[in-house]
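Enquirer: For the sequence shown, the working numbering assigns the number 30 to the initial residue and increments by one for each residue that follows. We put the CB at the ideal spot given by N, CA and C, even for glycine. Keep in mind the model is a prediction, meaning the values are calculated, not measured. To start, I am sharing the structure in question, which I have written as structure tokens.
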Amino acid sequence: MSNGTERVKGKAEEIKGAVKATVGDVVHNEQLEAEGHAEQVEGQARQNRAKAEERVKGAGEELKGATKDAVGGLIGDDHMKAEGKVEAQKGKARQNINK
């Protein structure tokens, strides 16, 4: 399952929990309210986990790109160097999007 899907499922779980907690509060049902708060936290955790996985993936891309850039520079391969720069930037962008 993609991380985008996990983030959406996490957000849905968070919203469902918020609604459940609000209903529990309105009808004075402490158990329902507590279950809602727990679902909210689970949803937030699911989203955070997906973001962390994407940040790790981005760090790997950045490292791979930086390595490719350096090797391209050492062997005089401008094409490899350019590919490395692009890949490193892609990795940085993935990390920044998932902060």
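Looking at the structure shown, is N181 part of a helix, part of a strand, or coil, going by DSSP?
Expert: One cannot answer for residue 181 here, as it falls past the ends of the chain, which runs 30 to 128.
Enquirer: Start and end of the alpha helix (DSSP H) containing N77?
Expert: Element bounds for N77: E59 to I104.
Enquirer: Since G53 and E59 are thought to touch, with beta carbons under 8 Å apart, how far apart are those beta carbons, to the nearest angstrom?
Expert: Their Cβ separation, rounded to whole angstroms, is 7 Å, which keeps G53 and E59 in contact under 8 Å.
Enquirer: D107: buried (16+ other C-beta within 10 angstroms of its C-beta) or exposed?
Expert: D107 is exposed by the Cβ-count criterion.
Enquirer: Taking its Cβ as the centre, do 16 or more other Cβ atoms sit within 10 Å of K128, making it buried, or is it exposed?
Expert: By the neighbour-count rule (16 or more Cβ atoms within 10 Å), K128 is not buried but exposed.
Enquirer: Classify Q118: buried if its beta carbon has 16 or more other beta carbons within 10 angstroms, exposed otherwise.
Expert: Exposed, because fewer than 16 other Cβ atoms sit within 10 Å of the Cβ of Q118.
Enquirer: Could you compute how far the alpha carbon of K110 sits from the alpha carbon of V100?
Expert: Cα-Cα distance, rounded: 7 Å.
Enquirer: Spatial neighbours of K80 within its chain, please: CB distance less than 6 Å, with the 5 preceding and 5 following residues excluded, ordered by chain position.
Expert: Once the five neighbours on either side are set aside, the close Cβ partners of K80 are N127.
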